[in-house]
Amino acid sequence: MRFGFDIDDTLINLRQHAFHIYNKKLKQDVPIDVFDTIETLEIHEPFGLSKQEGNQMWIDSMEEIYFTDCPAYPDAIEVLQELDKEGHEIFYITARPANHCEETKKWVENAGFPVQEGRFFCGMKDEEKIHTIKDLKLDFYFDDKPNVLNTLTEEPVQLYVRHQNYNKDLDMPRLTNWSELKEIIKKHTDKK
Ligand SMILES: [Mg+2]
601 MRFGFDIDDT LINLRQHAFH IYNKKLKQDV PIDVFDTIET LEIHEPFGLS
651 KQEGNQMWID SMEEIYFTDC PAYPDAIEVL QELDKEGHEI FYITARPANH
701 CEETKKWVEN AGFPVQEGRF FCGMKDEEKI HTIKDLKLDF YFDDKPNVLN
751 TLTEEPVQLY VRHQNYNKDL DMPRLTNWSE LKEIIKKHTD KK
């Protein structure tokens with residue numbers, strides 16, 4: 601089967617990683633349990649930053665956020681490696697800016713995710729992901745952002761939202777831990 605994955609905040613814990621970087625750069629000590637209470641995609645508020653300052657902080661910190669030691673979510677790497685070994689096709693579709701695509705691909709490989717040539721797509725806008733996802737004729741697609749998933753609901757792809765506070769109101773099949781993936785596949789295979 602053909603599986604598509606968003607990367608940031610779907611396979612890796614990018615916002616939490618950025619939260620640590622913000623603390624360090626701003627010389628603050630906002631406790632990590634505050635992170636779990638943030639209801640928005642943006643993380644700047646607990647640091648006392650305005651929306652504009654928050655945007656700038658993200659842009660200024662982007663390389664450090666993207667290319668340091670952001671942890672993958674538990675089981676994500678292992679489960680994807682297993683799918684790859686079983687002969688499934690794994691595609692990555694990320695809206696990271698085009699100038700960071702090559703390095704992102706390398707980073708994802710180095711982190712231990714299985715990346716096959718020609719199966720890494722990067723540099724499109726969130727709302728443009730639909731074109732890649734349509735062309736790839738995916739069986740499953742996983743993402744954290746409602747504004748991406750909402751563009752795909754008419755497509756013949758099984759969608760899953762990777763649970764986050766900011767998507768909790770999205771009415772869609774939901775994955776909270778990557779250890780659930782095998783069970784999800786089994787459920788859909790049994791149905792067919
Ligand atoms: Mg994402």
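At position 135 of the sequence shown (counting the first as 1) the number is 735 in this note's numbering, and the numbers step up by one without a gap. The C-beta atom is built at its ideal place from N, Cα and C for all residues, glycine as well. None of the values given here were measured: they were computed from a predicted structure.
Residue i versus residue j: straight-line alpha-carbon distance, rounded
i      : j      : result
Ile665 : Lys734 : 29 Å
Arg719 : Glu689 : 8 Å
Lys791 : Ile785 : 10 Å
Lys651 : Asn747 : 19 Å
Thr566 : His617 : This structure does not reach residue 566, given that the chain is present from 601 up to 792, and the question cannot be answered.
Leu683 : Asn767 : 26 Å
Residue i, DSSP secondary structure in three states
i      : result
Ile690 : strand
Ala672 : strand
Gly654 : helix
Asp608 : strand
Arg696 : coil
Leu749 : helix
Arg615 : helix
Asp572 : This structure does not reach residue 572, given that the chain is present from 601 up to 792, and the question cannot be answered.
Near ligand 1: residue i beta-carbon under 8 Å from a heavy atom
i      : result
Thr610 : yes
Lys725 : no
Ile733 : no
Asp669 : no
Lys745 : yes
Asp771 : no
Asp606 : yes
Beta-carbon separation (whole angstroms), residue i vs residue j, contact threshold 8 Å
i      : j      : result
Cys722 : Thr751 : Not quite, the Cβ-Cβ distance comes to about 18 Å (not below 8 Å), so this is no contact.
Met657 : Tyr692 : Contact doesn't hold; Cβ gap of about 26 Å is too wide.
Check: residue i C-beta below 8 Å from any heavy atom of ligand 3
i      : result
Ile665 : Only ligand 1 can be found as ligands here, which leaves ligand 3 out of the picture.
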